[in-house]
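Here's the structure we're looking at; comments come further down.
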Amino acid sequence: MRRSEVLGELLRQSAHSQWRDCFRRRRPADLAFTELLEPDCLLAVLNSYGRRHGANAPIAAVAGEWSKRYFARVMRPIATAAILLDWRVTLTPADLSIEISGEGEVVSLGLTDFGHPVRAKSAEDRFDFLIRGNIEAVIRAVSEVSGLSRNVLWSNAGNLFEGIARGYAADNDCPGAGVADALALLELPQMADGSRNPLFRPILYPESDGQPERLRRVCCIRYLIDGLDYCKTCPCPGRHCSSGKN
1294 MRRSEVLGEL LRQSAHSQWR DCFRRRRPAD LAFTELLEPD CLLAVLNSYG
1344 RRHGANAPIA AVAGEWSKRY FARVMRPIAT AAILLDWRVT LTPADLSIEI
1394 SGEGEVVSLG LTDFGHPVRA KSAEDRFDFL IRGNIEAVIR AVSEVSGLSR
1444 NVLWSNAGNL FEGIARGYAA DNDCPGAGVA DALALLELPQ MADGSRNPLF
1494 RPILYPESDG QPERLRRVCC IRYLIDGLDY CKTCPCPGRH CSSGKN
């Protein structure tokens, strides 16, 4: 099978059809991904996205919600390909382009190539092209323009990654090595170079009424936006109070 067809085969599965139009070849007229990460451009995108939440929505909370959309659009399918197919795609900002809608949504990502299979040497090695190659740069840029803590943004990424990993771990038909690496990455306090692993245990499972409750380690602060409730995995003690947020 041609390399360019592998992601297509994955995305043609009904469970992943929502990703079908996200990835394409990079075009000369595209917005370069590096341009998106420039402060003026990224702030304009966040402001466009934030209009749905009203003029008074805090930019930090808006940035957090935008990051969730970005991670779901880009991180979920790429992590899935890495887990199921040992697949790596070039995701460094200099090698990408991006299409953004007038509402600040990620429409598609332009790739220089559709990647290739690589035998991972470790859990860190399997996902490094995604985590350090792309997510790290996005989080740094979003944090700088919005003032939102990088810990919150990494928590958003970790919440999604942990859900992907545990979802495939519960599926007996999924390849063992990819799933094992995803779960192992979540248990690594440090990377091989000694740096902190920003995806270390982003989710906690304290008992509630005798059952484990899935809670984020760090609050996503979405409750600061009028009209949004606390998320289902919010760790804040007051999330069930009578403030109208629940």
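Numbering of the sequence shown is given in the numbering used here, commencing with residue 1294 and proceeding in unit increments.
Every residue, glycine too, gets a C-beta built ideally from N, C-alpha and C.
No experiment lies behind these values; they were computed from the predicted model shown.
Let's test the definition: count the other Cβ atoms within 10 Å of the Cβ of residue i and tell me whether it reaches 16, buried, or not, exposed.
i: Tyr1523; result: buried
i: Arg1344; result: exposed
i: Ala1375; result: buried
i: Ser1448; result: buried
i: Val1400; result: exposed
i: Pro1530; result: exposed
i: Arg1296; result: The predicted model places Arg1296 with a pLDDT of 47, which falls under 50 and marks its position as unreliable, so this point remains unresolved.
i: Asp1474; result: buried
i: Glu1455; result: buried
Is the beta carbon of residue j closer than 8 Å to that of residue i?
i: Ile1393; j: Leu1402; result: no
i: Thr1526; j: Arg1509; result: yes
i: Ala1337; j: Gly1440; result: no
i: Leu1423; j: Leu1377; result: no
i: Glu1398; j: Arg1362; result: yes
i: Leu1479; j: Arg1494; result: yes
i: Phe1364; j: Ala1450; result: yes
i: Phe1326; j: Leu1404; result: no
i: Ile1518; j: Ala1372; result: no
i: Gly1357; j: Cys1467; result: no
i: Asp1379; j: Gly1471; result: yes
Reducing DSSP to helix, strand and coil, say where residue i ends up.
i: Gly1520; result: coil
i: Gly1395; result: coil
i: Thr1526; result: coil
i: Ser1535; result: Model confidence at Ser1535 stands at a pLDDT of 37, short of 50, so the residue's coordinates are unreliable and nothing is read from them.
i: Ala1485; result: coil
i: Gly1403; result: strand
i: Ser1442; result: coil
i: Glu1500; result: strand
i: Pro1410; result: strand
i: Pro1505; result: strand
i: Arg1296; result: The predicted model places Arg1296 with a pLDDT of 47, which falls under 50 and marks its position as unreliable; any figure quoted below should be read in that light. Residue state, collapsed to three classes: helix.
i: Leu1389; result: strand
i: Lys1348; result: The amino acid occupying residue 1348 in the given sequence is Ala; Lys does not appear at that position. Residue state, collapsed to three classes: coil.
Which residue's Cα is closest to the Cα of residue i: the options?
i: Ala1430; options: Thr1526, Pro1386, Asp1406; result: Pro1386
i: Phe1316; options: Arg1489, Trp1380, Val1367, Lys1414; result: Val1367
i: Tyr1498; options: Asn1452, Gly1469, Gly1395; result: Asn1452
i: Gly1520; options: Thr1327, Asp1333, Val1338, Val1355; result: Val1355
i: Arg1444; options: Pro1351, Asn1490, Ile1376; result: First, the amino acid is wrong: residue 1444 is Asn here, not Arg. When each option's Cα is compared against that of Asn1444, the closest is Asn1490.
i: Met1484; options: Arg1319, Asp1421, Arg1369; result: Asp1421
i: Ser1360; options: Tyr1342, Pro1370, Gly1471; result: Tyr1342
i: Gly1408; options: Phe1364, Arg1381, Asp1418; result: Arg1381
i: Asp1486; options: Asp1418, Val1411, Pro1528; result: Asp1418
i: Asn1427; options: Cys1334, Gln1504, Leu1330, Ala1463; result: Leu1330
i: Ile1432; options: Gly1503, Ala1322, Leu1492; result: Leu1492
i: Val1547; options: Pro1528, Asp1502, Ala1322; result: The question about residue 1547 has no answer, for the chain in this structure spans 1294 to 1539.
i: Gly1460; options: Pro1321, Asn1340, Arg1369; result: Arg1369
Assuming residue i and residue j form a contact by the criterion Cβ under 8 Å, report the distance between their Cβ atoms to the nearest whole angstrom.
i: Leu1446; j: Val1435; result: 6 Å
i: Ala1413; j: Leu1481; result: Actually they are not in contact, since the Cβ atoms of Ala1413 and Leu1481 sit about 14 Å apart, beyond 8 Å.
Is the CB of residue i under 8 Å away from at least one CB in chain B?
i: Ala1353; result: Considering every chain present, this structure includes no chain B. It has just one protein chain.
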